[in-house]
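Right, one structure below, let's go through it.
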Amino acid sequence: MKKIYVLLFLLAGNLLLQAQEIKVYEKFDAFQKEVLKANDTIYVINFCATWCGPCIKELPHFEKLHTDNKKVKVILVSLDSRKDLEKKLIPFVKKKKITAEVLLLSDKDYNTWLPKIDKNWSGSIPATLILMGKQQLFAETDFESYEQLNTFVTSFIHPNN
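Letter by letter, the sequence shown follows residues 1 to 161 of UniProt numbering.
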């Protein structure tokens, strides 16, 4: 009986991983309107890509933040090409067992929208934006450890500590 429950649990988990739908934003304006919301939620938005080594290296830290810190909503924004959605991005998300929300922003007019995220963003990734209401904190860096990422997030949530 115990084996059946374990098998059902594994199957359910596998179905959940397969079920994650990746929403595609062809234009930044739609992404900005739907994702960059000025409300009471604390969003940790990581800009990354499947072809970016430092991005892949830090993904487990964001996944841990997603599962361990219920005060924040982690969103992984892939900057992969739209044509790579089916053959690269979706298989990558499944293989890495990513449960945080994954979006694809395929707007290649970077010079127009990068300054809307942060006026000093050069465009290099990984980059992370923390957003709550009108407050935001941006880092154009990769996080070497979960502790480093968590400290960055905590500095935003509790700026006086």
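Just so you know, even glycine gets a beta-carbon here, dropped at the ideal spot from N, CA and C. The structure displayed is predicted, hence computed values, not measured ones.
Check	Outcome
Taking the alpha-carbon positions, what's the Ile-22 to Ser-81 distance?	13 angstroms
Put Ile-125 into one of helix, strand or coil per three-state DSSP.	coil
Who are Ala-38's beta bridge partners in DSSP?	According to DSSP, which records beta bridges pairwise, Ala-38 is partnered with nothing at all.
Hey, would you say Thr-141 sits closer than 7 angstroms to Asn-46, going by beta carbons?	no
For Glu-101, which beta-bridge partners are listed by DSSP?	Ile-75
Start and end of the beta strand (DSSP E) containing Phe-92?	Phe-92 -> not in any beta strand (DSSP E); alpha helix (DSSP H) instead, spanning 90-95.
Counting only the same chain and skipping the five closest in sequence on each side, list residues whose C-beta sits under 6 angstroms from that of Phe-143.	Glu-58, His-61 and Leu-149
Assuming the contact rule is C-beta atoms closer than 8 angstroms, residue 186 and Val-24 should be a hit. Round their C-beta distance to whole Å, please.	With the chain running from 1 to 161 in the structure shown, residue 186 is simply not present.
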